[in-house]
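Chemist: This is the structure I have questions about; it appears just below.
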Amino acid sequence: MSDDENQYAQYNDSNRAFLQAIMARGALTLKDARPILAAIFTAHEGTETAENDVTEADLLSYVAAANDAISSFDLEIRSMLSQVDRTRIWALVNTTSDPMTQLATTHSADEISYLKRLLDAMFEVRNTPRREVMAITEMDAVRLHKNPSESQVNNTQGGGATQGSAGKGLTMTDAERTIKGFVEEGWFEKSPNSFYTLSPRALMELKHYLINTYNGTGDDEDDDGERVERIKNCYACKELITVGRRCPTRECAVRVHDMCTENLFRALRERKCPTCKVDWVGENYVGERAVTTTEAWLKGRRRSNSGPRPGGGQQRNTQQAVEEEETDEEGEEEWEGR
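Here it is as structure tokens:
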């Protein structure tokens, strides 16, 4: 029997059941996988297997077998660590086709266009040298329900924006339903502060799309003529970073996940940026904390908490306060530069 024949002879109903489970969920952790594999083992072996008896080695074995079986279909189960708590997450991703093409099989053209506007807002509009937020509030997400006019599209040419126009766009109600669907499908996560960010599964699936779309080409340069790099990797683990901390020096490209920070500085034996050597104070953030730790945001929260405000008053107050603070900062920088 050839190696290929032996491989498929060993691939049985338990492997198929596991593959169906991860296809149905899109992504899972070891905690998620334990009851699934315990049920599979119980059915396949005829004796009851407890969840706690399922090990990570069991999961890795089934992942490897699944990858051997699906590789010819341009599919792969990949893994990455959560940017927040470093829990490992496995997800089924397509290795070749455009992720937008994949989504088009289950979403309308207007919904795909809406998704692109959300990504543009997160990774271009809200991802600047001053604040690398890479997230969007629920209120601002719904505001993007309409397709941009032709003049608005023309004004974005030359940058990384991908805003397409499939029609008039979505109603606000449809936009709320669509982004809720993206959360349920595992593409977005919603924080307690009502910020939407890309999920680990989405980062694995969209990694190359994000880099190709939002990292500058020769025509997309900063004021110093350097190539714009909006999508960055953690200095320590080399994975994409959309949540973490940044070097206090604005021009420095060092970014580090929260959970990677201590290991990095333990290895360096000093709490300084490994590139520009300034003191690493740990108060410069990547992600929604680039907004929610500002004095403007905190003042907005205090005003909002002073009484109930219908219609998203809290988000409106806090977002407006942050925008006013940014305008003041820009004015101060222009004045200092004279």
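If you use full-length UniProt numbering, the sequence shown corresponds to residues 1 to 338, in order. Glycine included, each C-beta is placed from N, C-alpha and C at the ideal position.
(1) Using the three-state DSSP reduction, which class does Ile70 fall into: helix, strand or coil?
(2) In whole angstroms, give me the CA-to-CA distance for Arg309 and Arg117.
(3) My assumption, with CB atoms under 8 Å, is that Pro200 sits in contact with Ser82. Please give the rounded CB distance.
(4) To the nearest angstrom, how far is the alpha carbon of Phe188 from that of Thr87?
(5) Using DSSP with H/G/I as helix, E/B as strand and the rest coil, what is Glu138?
(6) Below 8 Å, how does it come out for the region 57-76 and the region 115-133: are there three or more Cβ pairs, yes or no?
(7) On the premise that Val286 lies in contact with Arg245, defined as a C-beta separation below 8 Å, what is that separation, rounded to the nearest angstrom?
(8) Quick check on Leu268: buried or exposed, where buried means 16 or more other Cβ atoms within 10 Å of its Cβ?
(9) Put Thr105 into one of helix, strand or coil per three-state DSSP.
(10) Under the DSSP definition of a beta bridge, which residues are partnered with Trp90?
(11) When you compare only the Cα positions, how much space is there between Asn215 and Lys207?
(12) According to DSSP, is Leu144 helix, strand or coil?
(13) Determine the extent of the beta strand (DSSP E) in which Gly181 is found, giving its start and end residues.
(14) Rounded to whole angstroms, what's the CA-CA distance from Cys237 to Cys260? Just pull it up for me.
(15) DSSP three-state label for Asp279, please.
(16) If you check the beta carbons only, do Asn91 and Met204 fall under 8 Å apart?
(17) Does any CB atom of chain C fall closer than 8 Å to the CB of Val291?
(18) Please name the residue or residues paired with Phe195 in a DSSP beta bridge.
(19) Here's the rule: buried if 16 or more other CB atoms are within 10 angstroms of the residue's CB, otherwise exposed. What is Thr197?
(20) Given a threshold of 16 other Cβ atoms within 10 Å of its Cβ, counted over all protein chains shown, does Arg289 qualify as buried or as exposed?
(21) May I ask you to report which of helix, strand or coil DSSP gives Lys238?
(22) For Ala104 and Tyr114, I'd like the C-alpha separation in whole angstroms.
(23) Helix, strand or coil for Tyr285? Go by DSSP, reduced to three states.
Modeler: Put simply:
(1) Working through the sequence shown from its first residue, we reach residue 70 at position 70. Helix.
(2) Locating residue 309 in the sequence shown gives position 309, counting from the first residue. Locating residue 117 in the sequence shown gives position 117, counting from the first residue. A caution first: Arg309 carries a pLDDT of 48, below 50, which makes its placement in the model too unreliable to give a value.
(3) Taking the first residue of the sequence shown as 1, we reach residue 200 at position 200. Taking the first residue of the sequence shown as 1, we reach residue 82 at position 82. Yes, Pro200 and Ser82 are in contact; Cβ-Cβ is about 6 Å, under 8 Å.
(4) For the purposes of this step, residue 188 is identified with residue 188 of the sequence shown, where counting begins at 1. For the purposes of this step, residue 87 is identified with residue 87 of the sequence shown, where counting begins at 1. Roughly 17 Å separates the two Cα atoms.
(5) One-based indexing of the sequence shown puts residue 138 at position 138. Glu138: helix per DSSP, three-state reduction.
(6) no
(7) Taking the sequence shown and counting its residues from 1, the one referred to as residue 245 is at position 245. Taking the sequence shown and counting its residues from 1, the one referred to as residue 286 is at position 286. That pair is a contact at about 6 Å.
(8) Here residue 268 is taken as the residue at index 268 of the sequence shown, counted from 1. The residue in question, Leu268, is exposed, as its Cβ has fewer than 16 Cβ neighbours within 10 Å.
(9) The sequence position of residue 105 within the sequence shown is 105, counting from 1. Coil.
(10) Taking the sequence shown and counting its residues from 1, one reaches residue 90 at position 90. The partner list for Trp90 (beta bridge, DSSP) reads Leu28 and Ser79.
(11) Translated into positions along the sequence shown, residue 215 becomes position 215. Translated into positions along the sequence shown, residue 207 becomes position 207. Answer to the nearest angstrom: the Cα atoms are 11 Å apart.
(12) Taking the sequence shown and counting its residues from 1, the one referred to as residue 144 is at position 144. In this structure, Leu144 counts as coil in the three-state DSSP scheme.
(13) Walking along the sequence shown from the start, residue 181 turns up at place 181. It is not in any beta strand (DSSP E) - Gly181 instead sits in the alpha helix (DSSP H) that spans Met172 to Glu184.
(14) Position 237 of the sequence shown, counted from the first residue, corresponds to residue 237. Position 260 of the sequence shown, counted from the first residue, corresponds to residue 260. Taking the straight line from one Cα to the other gives about 7 Å.
(15) Residue mapping note: residue 279 aligns to position 279 of the sequence shown, counting from 1. Note: Asp279 maps to strand in three-state DSSP.
(16) For the purposes of this step, residue 91 is taken as the residue at position 91 of the sequence shown. For the purposes of this step, residue 204 is taken as the residue at position 204 of the sequence shown. According to the sequence as given, residue 91 is Ala; it is not Asn. A contact, by the Cβ cut-off of 8 Å.
(17) Annotation note: the requested chain C is absent from the structure, which comprises a single protein chain.
(18) Residue numbering aside, residue 195 sits at position 195 when the sequence shown is read from its first letter. Phe195 is bridged to Thr137.
(19) On the sequence shown, position 197 is the one that residue 197 refers to. It is buried - the Cβ of Thr197 has at least 16 other Cβ atoms within 10 Å.
(20) Position 289 of the sequence shown holds residue 289. Buried, since its Cβ has 16 or more Cβ neighbours within 10 Å.
(21) Position 238 of the sequence shown holds residue 238. In this structure, Lys238 counts as coil in the three-state DSSP scheme.
(22) Translated into positions along the sequence shown, residue 104 becomes position 104. Translated into positions along the sequence shown, residue 114 becomes position 114. Looking at the two C-alpha atoms, the distance is approximately 12 Å.
(23) Start at 1 with the first residue of the sequence shown, and residue 285 comes out as number 285. Three-state DSSP puts Tyr285 in a strand.
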